[in-house]
Each structure stands twice: as structure tokens, then as C-alpha cells.
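Protein sequence lines correspond, in order, to chains R and S. Read in order, the letters of the first sequence are residues 1 to 154 in our numbering. Read in order, the letters of the second sequence are residues 155 to 308 in our numbering.
2 protein chains.
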Amino acid sequence: MPEVRNHTFDELTIGQQAESTRTVTMEDIRLFAAASGDHNPLHLDPAYAAGTPFGECIAHGMFSGGLISAALAMQLPGPGTIYLGQSLAFRLPVKIGDTLTVQLTVTDKQPRRRQVTLDCLVLNQHGKKVVTGSAEVMAPAERETVTIETPKPG
Amino acid sequence: MPEVRNHTFDELTIGQQAESTRTVTMEDIRLFAAASGDHNPLHLDPAYAAGTPFGECIAHGMFSGGLISAALAMQLPGPGTIYLGQSLAFRLPVKIGDTLTVQLTVTDKQPRRRQVTLDCLVLNQHGKKVVTGSAEVMAPAERETVTIETPKPG
Numbered sequence: 001m002p003e004v005r006n007h008t009f010d011e012l013t014i015g016q017q018a019e020s021t022r023t024v025t026m027e028d029i030r031l032f033a034a035a036s037g038d039h040n041p042l043h044l045d046p047a048y049a050a051g052t053p054f055g056e057c058i059a060h061g062m063f064s065g066g067l068i069s070a071a072l073a074m075q076l077p078g079p080g081t082i083y084l085g086q087s088l089a090f091r092l093p094v095k096i097g098d099t100l101t102v103q104l105t106v107t108d109k110q111p112r113r114r115q116v117t118l119d120c121l122v123l124n125q126h127g128k129k130v131v132t133g134s135a136e137v138m139a140p141a142e143r144e145t146v147t148i149e150t151p152k153p154g
Numbered sequence: 155m156p157e158v159r160n161h162t163f164d165e166l167t168i169g170q171q172a173e174s175t176r177t178v179t180m181e182d183i184r185l186f187a188a189a190s191g192d193h194n195p196l197h198l199d200p201a202y203a204a205g206t207p208f209g210e211c212i213a214h215g216m217f218s219g220g221l222i223s224a225a226l227a228m229q230l231p232g233p234g235t236i237y238l239g240q241s242l243a244f245r246l247p248v249k250i251g252d253t254l255t256v257q258l259t260v261t262d263k264q265p266r267r268r269q270v271t272l273d274c275l276v277l278n279q280h281g282k283k284v285v286t287g288s289a290e291v292m293a294p295a296e297r298e299t300v301t302i303e304t305p306k307p308g
């Protein structure tokens, strides 16, 4: 089981970055459909999707939002972070099999409420911007290392 | 299997609303953790969560974002909607067992790109605002009724 260490408000520096990569599978999309309740056939039914302008199944836009939120919670600032707000612009569709890279960059720190702003970027395997946005979080006050368990839901 | 009809750009009216309700289960949170990759023990481990300021497991903030995106995609405007952007402010924690109501309200229509702005509100069972925000979508041009299948992921 991996251990994850957070970054406290005092440790964070403007320009600090974190990156994570994930290849999108149909199983991921099924999980997101079940979690969110968005069972739109554009995401789940290849025959339906073939008749849309996309031509094939695409991921839910908010799936990429979930990847951003995971990078904030697991990496930068990591465990102990309190999520205050997020803006997202969905720029390009994400297809099954695309490899997405989430890049977070610290752009502002305000000591009041330990508030930190992070630029959020999701790129596909062609280096194209899929999602752009900005996150507001309250960074942790204390250092912490947590043990991460990743059981399959069942 | 339920059928869902969409609302075209021309049909949508300023002030038009849609609402959906969901009670949050630990299984929902496990699904969202698997889909997003956010396996933070605050969401999944009651013993860990008991030692945090929250005192118990809470849902991922972006879980509520997923509920909003599902309401846009399934109800208003519904199938055929293209998601352009979303802002979210996370105001209160969501606990396991909370019953969340997503309220969408059409606040603006711009014929260019058939762009529609919707006010997004998530309330808990006490009527408190859990998440507020705004969505930008491209509404469908054509009426469509789709059949929704909701298999369990496995």
C-alpha cells in the first residue's frame, strides 16, 4: 500500500507543480456513470455514439474534473487539503484509450484561511489541452503521511 | 429501461428548472474513488476520518460536481448537450447518508453556439447549500429521446 505525504501551506511555493497520468478505460467510464448517475449512451453505448458528431464513446467531461480533484487531494497539496472551489473549461472530447496528464501549478498563496490557488491543466497524449481551469483549496497546516488503500468497489 | 427526452435550445426558457435527488451511500463514494483515483482515507476509512475535523467519512467534493453534470446530461438540457464549462464552490461537507438535491435553473441563452448558462445548486436534507456554481453548455439543436441502461459496473 503506497504512502502519500502532503505539502503544508508553509511548504508550498509559487510555481510548484505536480503531475499525474491516467489512461482512460471503458471500465473507468462505467464507474463514473454509476457514481454520478450520468448513464448517457454517448458515454456507454458504442452504437449510439457512432451516430453522434463524436463518432465514438467519449468520457464524461466531469471525469476529467474528478482526475483534477484526485491530483489535488493525493498529490498537491495532498491529504488534509480542503476543496473550496473549482472552475473548469471543457475544450476537447476525451476518447476511451486516451492517456490524460493532469498538471497542477501553484499560482497564489493567501495566508488567510491558508488559501492556495492552483492552475489546472489536463492534456491528452497529443499534448492538446482537454480541460483547463483553476482550483481554490485550503492547504493543510500540518505535515501528514497517509497510507492509501485502493480496493476495487464491488 | 427509462426513456429520457432532451430540451432543445429553442425550447429552453429563462427560469426553467430541473431537480434530482440522491442519497449518498458508501458504495457511491467507493465508486467515485475508483473512477477518479482519489483514495484519500477521509472518504473511505471511518477510523481515519474520526481523527479529522470532519469526524466521519465525507464525500469527495467533486462527487457533487458529478451529480450536477449528470443532471445537465440527463435532464436539462439532457441528451445531446455538450458541456462547455463549470464553476463550483464547495460550501459544506457531504456526509454518507445525506440526501442531496441538485437544482438547475436556466439563467441565460445565447444563440451563438446555442450556448446556455444554468445556475447550479446542491442542497442537503436540511436545505443547506452544499455546492453552488454555474454551468455553460451547448444545448441540443434537435429533439431526441434516448433509452437509458443502468448496468452495475463489475
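C-beta: ideal position from N, C-alpha, C; glycine also.
> First and last residue of the alpha helix (DSSP H) that includes Glu303/S?
Replying inline: The residue given as residue 303/S occupies position 149 in the second sequence. No alpha helix (DSSP H) contains Glu303/S, which DSSP labels as neither H nor E.
> Residues of chain S with a CB under 8 Å from the CB of Glu149/R: which are they?
Replying inline: Residue numbering aside, residue 149/R sits at position 149 when the first sequence is read from its first letter. Within chain S, the residues near Glu149/R are His193, Pro195, Leu198 and Asp199.
> Does DSSP put Arg143/R in a helix, a strand or coil?
Replying inline: Within the first sequence, numbered from 1, the residue matching residue 143/R stands at position 143. In this structure, Arg143/R counts as coil in the three-state DSSP scheme.
> Hey, quick one: how far does the beta strand (DSSP E) through Phe90/R stretch, first residue to last?
Replying inline: Mapped onto the first sequence, residue 90/R falls at position 90. Looking at the DSSP string, the run of the beta strand (DSSP E) that includes Phe90/R is Ile82 to Phe90.
> Checking contacts by CB at 7 Å: is Phe54/R closer than that to chain S?
Replying inline: For the purposes of this step, residue 54/R is identified with residue 54 of the first sequence, where counting begins at 1. Not an interface residue.
>> Assuming Ala172/S is part of the beta strand (DSSP E), what are its boundary residues?
In response: Indexing the second sequence from 1 puts residue 172/S at position 18. Segment Gln171 to Thr177, the beta strand (DSSP E) holding Ala172/S.
> In chain order, what residues of the segment 231-246 of chain S put their CB closer than 7 Å to some CB of chain R?
Replying inline: Pro233, Tyr237, Leu238, Gly239, Gln240, Ser241, Leu242, Ala243 and Phe244
> Would you report the Cα separation of Pro233/S and Tyr202/S, rounded to the nearest angstrom?
Replying inline: For the purposes of this step, residue 233/S is identified with residue 79 of the second sequence, where counting begins at 1. For the purposes of this step, residue 202/S is identified with residue 48 of the second sequence, where counting begins at 1. Computed Cα separation, rounded: 40 Å.
>> Suppose you measure from the CA of Gly127/R to the CA of Gly281/S; what does that come to, to the nearest Å?
In response: Taking the first sequence and counting its residues from 1, one reaches residue 127/R at position 127. Taking the second sequence and counting its residues from 1, one reaches residue 281/S at position 127. C-alpha separation (whole angstroms): 43 Å.
> Quick one: what's got a C-beta closer than 7 Å to Ala18/R's C-beta in the same chain, skipping five residues either side?
Replying inline: Within the first sequence, residue 18/R is the residue found at index 18, counting from 1. These residues qualify, in order along the chain: Ala71, Gln75, Leu76 and Leu104.
>> Let me check one thing: in DSSP terms, what residues is Thr271/S bridge-paired to?
In response: Looking up residue 271/S in the second sequence gives position 117. Per the DSSP secondary-structure output, Thr271/S pairs in a beta bridge with Asp262/S and Glu290/S.
> Taking only beta-carbon atoms, is Leu12/R less than 7 Å away from chain S?
Replying inline: As a first step, residue 12/R must be located in the first sequence, where it is residue number 12. So, not an interface residue.
> Does any CB atom of chain R fall closer than 7 Å to the CB of Val300/S?
Replying inline: In the second sequence, the residue the question calls residue 300/S occupies position 146. Yes, Val300/S lies at the interface with chain R (some Cβ there is under 7 Å from its Cβ).
>> Between Phe163/S and chain R, is the shortest Cβ-Cβ distance under 7 Å, so that the two count as touching?
In response: On the second sequence, residue 163/S is found 9 positions in, with the first residue counted as 1. No, its Cβ sits nowhere closer than 7 Å to a Cβ of chain R.
>> If we define contact as Cβ-Cβ less than 7 Å, is Met156/R a contact residue for chain S?
In response: Lying before the first or after the last residue shown, residue 156/R is absent from chain R, which here runs from 1 to 154.
>> Quick check on Glu11/R: does DSSP put it in helix, strand or coil?
In response: The residue you call residue 11/R lines up with position 11 of the first sequence. Here Glu11/R carries a coil assignment [DSSP, helix/strand/coil].
>> Looking only at its chain, what residues have a beta carbon closer than 6 Å to the beta carbon of Thr164/R, apart from the 5 residues adjacent to it on each side?
In response: Chain R is shown from 1 up to 154; residue 164/R falls before or after that span and cannot be answered.
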